[in-house]
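**Student:**
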Amino acid sequence: MQHMRRAGILLGVAMLATMITVAPAAADPPVEITDSRTFADVDPCDPSGGDIVTLSWTLKLHEHGNNTVFIFDTTVTTANGYVGTGHETTVVTSNNQLFTFNIMTTNLDTGAKAKVQGNLKIVQGEAVVDNFTLTCVRDV
């Protein structure tokens with residue numbers, strides 16, 4: 002469970018690091034940026050085994066008054082054979098940041114399915130992780 006929480010925090014930090022390095026867009030159309038991160042994690046359908054996960058995403062940045070919205074369309078591949086897609090949204094206001102994500106993967110070799118869901122909320126600079134889950138949906 003500790004590894005899963007750490008993976009969620011690493012995912013959130015990696016995506017937030019990408020957002021912080023992006024200058025806010027001054028006009029339409031929204032700014033688009035692609036990036037990726039690779040990290041070690043557990044296989045949710047075989048917790049005794051490890052996996053190497055690569056997340057690749059396209060970030061779309063929108064400004065709405067004093068609020069900024071970041072939308073990530075993500076693809077996932079792993080060394081253990083999982084592939085999938087996900088969607089992440091982050092809203093930044095003057096005092097708060099809310100990051101939500103939902104990623105679904107399928108192991109093409111075994112048919113196993115896993116999902117990652119969660120929230121990362123930052124209030125006045127203090128990070129709080131709520132409802133992070135890395136779940137084996139179908140084990141084979």
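Quick note: the sequence shown uses the working numbering, first residue 2, plus one each step. Note that CB positions come from ideal geometry on N, CA and C, so glycine has one too.
#1: If you measure between the beta carbons of residue 86 and residue 76, is that distance less than 8 Å?
#2: Buried or exposed, going by whether 16 or more other CB atoms sit within 10 Å of the CB of residue 30?
#3: In three-state terms, what does DSSP make of residue 121?
#4: Just to confirm my understanding: we take residue 57, look at its own chain, exclude 5 residues before and 5 after, and list those with CB closer than 6 Å. What are they?
#5: Could you give the DSSP three-state label for residue 132: helix, strand or coil?
#6: So what does DSSP say about residue 110, is it helix, strand or coil?
#7: Report the residue from 139, 122, 99 whose alpha carbon sits nearest the alpha carbon of residue 106.
#8: Roughly how many whole angstroms lie between the Cα atoms of residue 68 and residue 102?
#9: What beta strand (DSSP E) runs, 3 residues minimum, are completely inside the stretch 37-63?
#10: Identify which residue in 65, 115, 110 has its Cα closest to the Cα of residue 42.
#11: Under 8 Å between the Cβ atoms of residue 74 and residue 55?
**Tutor:** Put simply:
#1: It is a contact, given that the beta carbons lie within the stated cut-off.
#2: The residue in question, residue 30, is exposed, as its Cβ has fewer than 16 Cβ neighbours within 10 Å.
#3: It is a strand residue.
#4: Around residue 57: 37, 76.
#5: Residue state, collapsed to three classes: strand.
#6: Correct three-state label for residue 110: coil.
#7: Per the Cα distances, 139.
#8: For residue 68 and residue 102, the distance between alpha carbons rounds to 19 Å.
#9: If you keep only unbroken beta strand (DSSP E) runs of at least 3 residues inside the stretch 37-63, you get nothing at all.
#10: Sorting 65, 115, 110 by C-alpha distance to the C-alpha of residue 42 places 115 at the top.
#11: Going by C-beta atoms, residue 74 is not nearer than 8 Å to residue 55.
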